[in-house]
Every structure is written in structure tokens, then in C-alpha cells.
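Have a look at the structure below before the remarks.
Numbering (this note's numbering), first residue to last: 3 to 112.
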């Protein structure tokens, strides 16, 4: 029940820290809406921001130069997996887990 009754909700996630300054937050919302308009067309101009939530560490760091598919083998029998080792998504977490499992099997096989 996030959207007002009879309306739909669209959510946009932006990596990085949300500005603390209210004017800067409004500017960020305008920039996001402009990008959404490029993706989904002019109807986005009718949308309104209901709220902005800032979730610290909500996604792994994606600062340039971002390199997905980071190694899952740390050495000395240590392995690591998670969306921080691939793309920051459920799919990235799953794919990283698969790569990690395969690396463990390969390590045990000698």
C-alpha cells in the first residue's frame, strides 16, 4: 500500500548518497524525472514525487570504474559471494553464488 488509492507507483533507485540539502534533493528529483522521461516518454511529466528515501549502503559501490564479475576466490581456501562481487541485483547475487560454488568444487577437486 505505497501508492495512493487508484494510482500506480513507480520507483527509481539512484546509486550514491542522497543530498541532505532540500534544494539539492529537489534538483536530484528533477534530474531523475528527466531520465525517466527519456526512458518512458512524456507521461512521466505527469508523475509526482511522493517521497525520497535514502538508504545508506543499500547497494554495493558502483563508482567508476565499475567492474562486475569480481573474483570470488580470495585464496587460502577462502571464497566470497554476493551482489558486491557481480552486478548489484538479485541476479548478480545468484550468479555470484553459482560462480563461488563452482570455484569451491574446483578447489576441492584439486
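Virtual Cβ for every residue (Gly too), placed ideally from N, Cα, C. Since this is a predicted model, take the numbers as computed values, not measurements.
Check: With a Cβ-Cβ cutoff of 8 Å, do residue 105 and residue 74 count as a contact?
Finding: yes
Item checked: Entirely enclosed alpha helix (DSSP H) segments - the stretch 17–85, minimum 4 residues -> 24–42
Next item on the list: Under the assumption that residue 88 contacts residue 67 (Cβ atoms under 8 Å), give the Cβ distance between them as a whole number of angstroms.
Entry: The pair is not a contact, with the Cβ atoms about 16 Å apart (cut-off 8 Å).
Margin query: Using C-beta distances below 7 Å, list every residue in its chain close to residue 47, excluding the 5 sequence neighbours before and after it, in chain order.
Written below: 39
Note to self: Since residue 17 and residue 93 should fall inside the 8 Å C-beta cutoff, what is the C-beta to C-beta distance between them, to a whole number of angstroms?
What the structure shows: In fact, because the Cβ distance is near 16 Å, the residues do not count as touching under 8 Å.
Next item on the list: Assign residue 98 to one of two classes, buried (16 or more other C-beta atoms within 10 Å of its C-beta) or exposed (fewer than that).
Entry: buried
Next item on the list: Please state whether DSSP places residue 107 in a helix, a strand or coil.
Entry: helix
Margin query: Tell me the rounded alpha-carbon separation between residue 21 and residue 109.
Written below: 45 Å
Check: Cα separation between residue 19 and residue 57?
Finding: 8 Å
Note to self: Out of 53, 55, 14, 27, which one is the CA nearest neighbour of residue 41?
What the structure shows: 14
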